[in-house]
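Peer 1: From first to last, the protein sequence lines are chains A and B. Heads up, the first sequence is in my numbering, so the first residue is 49 and it goes up one at a time. Heads up, the second sequence is in my numbering, so the first residue is 49 and it goes up one at a time. We treat Cβ as the ideally placed atom computed from N, Cα and C, and that holds for glycine. None of these values were measured; they are calculated from a predicted model. Here's a structure for you.
2 protein chains.
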Amino acid sequence: MTKISDIFGKELTVVNVGLTSMAESVADQDVKTVHLDWVPPKEGIRRLRVTKSGVNIDEANQQVVDRIKKALPVLVGMGIARDVIPGMHDRMILHAGPPIEWERMCGPTRGAVMGALIYEGLAKDSAEAEKLAASGGIEYAPCHHHHTVGPMAGIVSPSMPVFIFENKTFGNYAYCTQNEGLGKVLRYGGMGDEVYARLKWMETDLYPTLDRALQSLPDGIDIKSLIAQAMHMGDESHNRNRAGTSLFLRAIAPAMARTCDDRERLAKVIEFIDKNDHFFLNLSMPAGKAALEPAEGIEGSSIVTVMARNGTDFGIRLSGMPDRWFTAPAGEVEGLYFPGFTVKDANPDIGDSTVTETAGYGGFAMAAAPAITQFVGGSPQMAIDSTLEMYEITFDEHPGFTIPVLNFRGTPLGIDVRLVMETGILPKINTGIAHKEPGVGMVGAGILRAPEKCFRDAYDAIAELC
Amino acid sequence: MTKISDIFGKELTVVNVGLTSMAESVADQDVKTVHLDWVPPKEGIRRLRVTKSGVNIDEANQQVVDRIKKALPVLVGMGIARDVIPGMHDRMILHAGPPIEWERMCGPTRGAVMGALIYEGLAKDSAEAEKLAASGGIEYAPCHHHHTVGPMAGIVSPSMPVFIFENKTFGNYAYCTQNEGLGKVLRYGGMGDEVYARLKWMETDLYPTLDRALQSLPDGIDIKSLIAQAMHMGDESHNRNRAGTSLFLRAIAPAMARTCDDRERLAKVIEFIDKNDHFFLNLSMPAGKAALEPAEGIEGSSIVTVMARNGTDFGIRLSGMPDRWFTAPAGEVEGLYFPGFTVKDANPDIGDSTVTETAGYGGFAMAAAPAITQFVGGSPQMAIDSTLEMYEITFDEHPGFTIPVLNFRGTPLGIDVRLVMETGILPKINTGIAHKEPGVGMVGAGILRAPEKCFRDAYDAIAELC
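Right, here's the structure in full:
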């Protein structure tokens, strides 16, 4: 057989681009080869670089991720939704995901809306609640339109206490309710007296105890730092929040001890937090929202700054087009189910908790949280591979959030719709699973990809500008 | 060149044992090869199987590890050392590691002894303390001879409060003081008014608050479970105890809230624990001691059930010879030093904390704790490799302690001196580093191997029985 080096009459070094099999056949002939990992953009996907108005998209994106990296989201206080969330009023209910009217709402969102109306005292039972919910007398709006995020159904009603976050770098605020725990809870569409009683206790006991403690901490609690620390303790701060919950308790417990004059109430508050490893989710989410909002509205940017689901639709918004939702039907979740439930019981993907992936942690940092696979399925290797894959579709890495097992590499940050379309790799999300019928609650947890259509439509919208 | 397959006239599959270069030269000839990772025992090391009295060593070892695996160490209460530690008296001081007299004690142990005498009110300053310490009026004994373990110098004096552990499976007890934190602290040989004041506060405030809380918990606190959970949260429970400390606080805080009537004291106790990520070390250590003692005394066993250092000598004891110490000079620690300190300031390896490696966690579980490398040096890959290497010298794996990143494999359990000598692999330990002079305290943290001589002597002792 003629060798390549014979043809050229000298030693060669070959740079191979694309298919590895090409490099291998050259290397077999003792030719030094360097392999470049590259695949051509998918058919019909051209690289978008500069808009017609002259904006360099990479530069715009750099601005976006720089703003996210500079963010300093701090828990500064608490308040009642109607008093503190801008635009909130007595007949408004906020929900997760893109805009949706009662008629199109999925089961768990309906259940949570009805449950919230009963909790608010606006309806005495589910029949009355359903009637009111469908009457046109309630204004529905996405949490995201009110600087708020809500896990799963994401229902925020006027009387609910919320955490108040300030992004100290940019001065903007974000809001989120307190986490109820797992199982039959409102955010999973759970209804029933125990759900309303828990919500009431969270309003009358949990909230004032946390609130008073926070009032005694003039600097608030730096949640960005807690997320970063928790990432060295096996959390990814979306579906694993064990370390974050622990660190939050450590941060606030001395202040609670000083400001709570009822020993039994203090004990119950600590027990409530201790028994709910997801307590920190409702802190990691608004931290992400507070970090992302100042990065919205950078002209020409192809970075996703909102990614959220209402259980019917999955929606994204780009920094460069901050008021436009690109939506697609919400996907099915592959997951681990609680005993007695199967995939047939599952509602499609739901919740604003994808704010964590959008902000550079959550599912994107799954490599930091190998033990999460006991909750959402998969293997520790899958968790590592997921993070590595997400670097392919993100514009940057977050130096504030590092993953020990990847040699302290920063997390994948800034989903770029161009990279999503060029690579064909869709964002990977881990999530809880709600029962599809109103009233039941949580049935499992799992993993899925975001639907392609949102990203294709967003890409096309950017392409039109170029 | 003649090919191997030509010689034999047919396709071959070759099993290669030992050197990989042999397999490679065969594989180069397109012969299918299977490589067996195997090295011959080191020179002069024969495989020990059965003692002259007819004990099968493997069977004895299996009994040992079965007992360790079945252990259920629970924190059941607290008490003052003189009241609760068997054999303790008013003029006794316990220390880490194998037996040692004042004359041979290293600097940090001397410092800690003198500090303890001042704390006890038996001496008014260091000159008086030194005189008393050397007078013969104090009885020194290893913690290990009194069901106790102590980190670093490991000094336990009569007035010190200790945690009381019960191994619920076997009914034995173990003891350990409360952890003081890092820096200038007694266990690192630190001396000075702030050291004694802290110890006094730990006796008058911390201890009663924890003790009263524990008294209200009839089942105590299951520390084995906390170690297992912490291992899914980036701890290895020797030099990384951030998750363990957090989980312990979560477990005891509600009880403290209910039983402490002084809000400011409660706040200070929580703050003290929160500010010391090593607080849990003094719980993970006695948990190991409680687990290991029932595994002592199994005839013919070559498993290490005690491994401890006093800063002068490193010592081990075998299950099969529970009263005999095999010692060697304590080693030098390669580490990361605090600003202003270097390897020249370092005392040799010291402390009973190697009880954690002996019991199947600590340095042996370093793969679970990649972030520990920021404290002890090395890389996350080194942490994983360390654990993988320790499987080579351990008899079993601990099903109760699993490492997520190794696909939830159980930790290496039961150091077998036969395997240590056959492979030449010495146990790898991570540790804090004390200043070699009395009075200074902690100067860094690092990693080292146990000295070969102890293992060789222990092997020889077993060999004599065979």
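Kindly list, in the order they appear in chain A, the residues whose Cβ is closer than 8 Å to that of Gly282 of chain B.
Peer 2: Near Gly282 of chain B (Cβ distances below 8 Å), the residues of chain A are His280, Met281, Gly282, Ala291, Pro452.
Peer 1: Using the beta-carbon count (16 or more within 10 Å), is Gly135 of chain B buried or exposed?
Peer 2: So Gly135 of chain B counts as exposed.
Peer 1: I want to see whether chain B comes within less than 8 Å of Leu295 of chain A, judged by CB atoms only; does it?
Peer 2: Closer than 8 Å: yes.
Peer 1: Could you please tell me which residues of the segment 205 to 232 of chain B, in chain order, have their CB closer than 8 Å to any CB of chain A?
Peer 2: The segment 205 to 232 of chain B vs chain A, Cβ under 8 Å: nothing.
Peer 1: Check this for me: beta carbons of Met140 of chain B and Glu187 of chain B, under 8 Å apart or not?
Peer 2: Yes, these two residues count as a Cβ contact at 8 Å.
Peer 1: Flag this pair as yes or no: are the beta carbons of Asn330 of chain B and Pro199 of chain B separated by less than 8 Å?
Peer 2: In this structure, Pro199 of chain B lies closer than 8 Å to Asn330 of chain B by Cβ.
Peer 1: May I ask you to verify whether the segment 365 to 375 of chain B touches the segment 320 to 330 of chain B, counting CB pairs closer than 8 Å and requiring at least 3?
Peer 2: Segments in contact, no.
Peer 1: Arg306 of chain B lies in the alpha helix (DSSP H); which residues open and close that run?
Peer 2: First-last of the alpha helix (DSSP H) with Arg306 of chain B: 290 to 307.
Peer 1: Residues of chain B with CB under 8 Å from Arg306 of chain A, in chain order?
Peer 2: Chain B residues near Arg306 of chain A: Arg311, Glu312, Ala315.
Peer 1: The beta strand (DSSP E) spanning Pro190 of chain A covers which residue range?
Peer 2: 187 to 190 is the span of the beta strand (DSSP E), which, as asked, contains Pro190 of chain A.
Peer 1: Checking the sheet assignment: what are the DSSP bridge partners for Asn455 of chain B?
Peer 2: For Asn455 of chain B, which the question treats as bridged, DSSP gives no partner whatsoever.
Peer 1: Between which two residues does the beta strand (DSSP E) holding Asp361 of chain B run?
Peer 2: 361 to 366 is the extent of the beta strand (DSSP E) around Asp361 of chain B.
Peer 1: Kindly say whether Ser264 of chain B, judged by its beta-carbon, lies nearer than 8 Å to any beta-carbon of chain A.
Peer 2: So no, Ser264 of chain B is outside the interface.
Peer 1: Buried or exposed, going by whether 16 or more other CB atoms sit within 10 Å of the CB of Met49 of chain B?
Peer 2: Low per-residue confidence applies at Met49 of chain B: pLDDT is 47, beneath 50, and the placement is therefore not dependable enough to give any value.
Peer 1: Keeping to the same chain, check which residues put their C-beta closer than 6 Å to that of Ile269 of chain B; ignore five residues upstream and five downstream.
Peer 2: Closer than 6 Å at Cβ, skipping near neighbours: Leu123, Ala299.
Peer 1: List the DSSP bridge partners of Leu384 of chain A.
Peer 2: Paired residues: A:Ala493.
Peer 1: Taking just the CA atoms, how far does Gly426 of chain A sit from Asn455 of chain B?
Peer 2: Cα to Cα, Asn455 of chain B sits roughly 11 Å from Gly426 of chain A.
Peer 1: Check whether the Cβ of Asp322 of chain A lies closer than 8 Å to any Cβ atom in chain B.
Peer 2: It does: the Cβ of Asp322 of chain A has a partner Cβ on chain B nearer than 8 Å.
Peer 1: Strictly below 7 Å CB to CB, what residues from chain A border Ile318 of chain B?
Peer 2: Residues of chain A passing the Cβ test: Ala301, Pro302, Ala305.
Peer 1: Against chain A, does Asn478 of chain B count as a neighbour if the rule is that its beta carbon must be under 8 Å from one of theirs?
Peer 2: Chain A, which has no Cβ nearer than 8 Å to the Cβ of Asn478 of chain B, makes this no.
Peer 1: Residue range of the alpha helix (DSSP H) that Trp249 of chain B falls in?
Peer 2: First-last of the alpha helix (DSSP H) with Trp249 of chain B: 241 to 249.
Peer 1: So, does the CB of Pro428 of chain B fall closer than 8 Å to a CB anywhere in chain A?
Peer 2: Taking Cβ atoms only, chain A reaches closer than 8 Å to Pro428 of chain B, which makes this a yes.
Peer 1: So, for Ala506 of chain B: in the same chain, excluding its five sequence neighbours on each side, which residues have a beta-carbon less than 7 Å away from its beta-carbon?
Peer 2: These residues qualify, in order along the chain: Ile364, Leu366, Phe374, Val465.
Peer 1: Specify whether the segment 331 to 346 of chain A and the segment 331 to 341 of chain B touch according to this definition: at least 3 beta carbon pairs, one from each stretch, less than 8 Å apart.
Peer 2: Because the criterion of three Cβ pairs below 8 Å is not met, the segment 331 to 346 of chain A and the segment 331 to 341 of chain B do not touch.
Peer 1: Should the segment 271 to 280 of chain A be called in touch with the segment 252 to 272 of chain B, which here means at least 3 C-beta pairs below 8 Å?
Peer 2: The segment 271 to 280 of chain A, when compared against the segment 252 to 272 of chain B, does not touch it at the 8 Å Cβ threshold.
Peer 1: Please look up how many angstroms separate the CB atoms of Cys191 of chain B and Gly184 of chain B, rounded, as I've assumed it's under 8 Å.
Peer 2: At roughly 21 Å, the Cβ-Cβ gap does not stay under 8 Å, so Cys191 of chain B and Gly184 of chain B are not in contact.
Peer 1: Could you spell out where the alpha helix (DSSP H) holding Leu331 of chain B opens and where it closes?
Peer 2: It spans 329 to 340 - the alpha helix (DSSP H) in which Leu331 of chain B sits, taken as one unbroken run.
Peer 1: Should Asn358 of chain B be flagged as near chain A, meaning a C-beta pair shorter than 8 Å?
Peer 2: No, Asn358 of chain B does not count as interfacial toward chain A.
Peer 1: Going by alpha carbons, who is nearest to Ser205 of chain A out of A:Ala129, A:Gly125, A:Asn289?
Peer 2: Among A:Ala129, A:Gly125, A:Asn289, the Cα nearest to that of Ser205 of chain A belongs to A:Ala129.
Peer 1: If you measure from the beta carbon of Ala160 of chain A to each beta carbon in chain B, is any gap under 8 Å?
Peer 2: Closer than 8 Å: no.
Peer 1: At a Cβ threshold of 8 Å, is Ala419 of chain A touching chain B?
Peer 2: So yes, Ala419 of chain A belongs to the interface.
Peer 1: Run through chain C and tell me which residues come within less than 7 Å of Asn455 of chain A, C-beta to C-beta.
Peer 2: The structure shown contains no chain C; its protein chains are A and B.
Peer 1: So with Cβ pairs under 8 Å, would you call Arg246 of chain B a contact of chain A?
Peer 2: Taking Cβ atoms only, chain A never reaches closer than 8 Å to Arg246 of chain B, which makes this a no.
Peer 1: Taking 8 Å as the limit between beta carbons, can you name the residues of its chain near Pro499 of chain A, skipping five residues before and five after?
Peer 2: Within the same chain, Pro499 of chain A has close Cβ partners Phe362, Ala376, Pro377, Ala378, Gly379, Leu474.
Peer 1: Starting from Arg298 of chain A, find everything on chain B with Cβ-Cβ shorter than 7 Å and list it in chain order.
Peer 2: In chain order: Ser294, Leu297, Asp322.
Peer 1: How would you call Arg235 of chain B, buried or exposed, if buried means at least 16 neighbouring beta carbons within 10 angstroms?
Peer 2: Classification for Arg235 of chain B: buried.
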